[in-house]
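Enquirer:
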Amino acid sequence: MTVNPLAIWAPVFAMMALVLVVAYLTFRERVRQFKALRVHPQKVSTRSEFAATLKDTRCADNFSNLFETPVMFYVACTGLYVTQTVSIGALVLACVYVLLRVGHSVVHCGRNVVFTRFKFFAASMLVLLGLWLVWGLTLLHVI
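Structure follows, in structure tokens:
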């Protein structure tokens, strides 16, 4: 089934919204901790100083995570659009990937239960692999 190629940008914009929400939460938490601990921002100018000084780095850690494996998601979505191979399957996988990353971020920025967070991460990686497989097979005209 053919899909309007522009539809692939919806999950991309949703991921961008997630990044902005986590960026806001990270900023809010840093300001709160800087004030509570009376720490001047210059005292934590590196990641190691930041982690050693501040008590809660969950949101900052999650923000960094959003620039790791999701890069492969952005490449796949851009590639699907450029090659005009957006299918309903690819679109569904892209949306599921975003939902799983939202779940991962909620857990990571919230109670941070590592095993639950890992389940979201592992599921998102399988979906991302599926997205790449669908794209690759489509390019090869197998599906």
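Under my numbering, think of the first position of the sequence shown as 10, with each following residue one higher.
Virtual Cβ for every residue (Gly too), placed ideally from N, Cα, C.
1. If you draw a straight line from the C-alpha of residue 149 to the C-alpha of residue 134, how long is it?
2. How would you label residue 82, buried or exposed, when you count the other beta carbons within 10 angstroms and need 16 or more for buried?
3. Would the stretch 94–101 and the stretch 113–127 be scored as touching if the rule is three or more Cβ pairs under 8 Å?
4. Buried or exposed, going by whether 16 or more other CB atoms sit within 10 Å of the CB of residue 106?
5. With a floor of 4 residues, list each alpha helix (DSSP H) that falls wholly inside the stretch 93–149, ordered by position along the chain.
6. In this structure, does DSSP put residue 37 in helix, strand or coil?
7. DSSP three-state label for residue 54, please.
Expert: The relevant details are as follows:
1. Here residue 149 corresponds to residue number 140 of the sequence shown, with the count starting at 1. Here residue 134 corresponds to residue number 125 of the sequence shown, with the count starting at 1. Distance between the alpha carbons of residue 149 and residue 134 is about 22 Å.
2. One-based indexing of the sequence shown puts residue 82 at position 73. Classification of residue 82: buried, given that the 10 Å Cβ count is 16 or more.
3. no
4. Looking up residue 106 in the sequence shown gives position 97. Residue 106 is buried by the Cβ-count criterion.
5. 97–118 and 123–148
6. One-based indexing of the sequence shown puts residue 37 at position 28. Reduced to three states, the DSSP call for residue 37 is helix.
7. Residue mapping note: residue 54 aligns to position 45 of the sequence shown, counting from 1. Here residue 54 sits in coil by DSSP.
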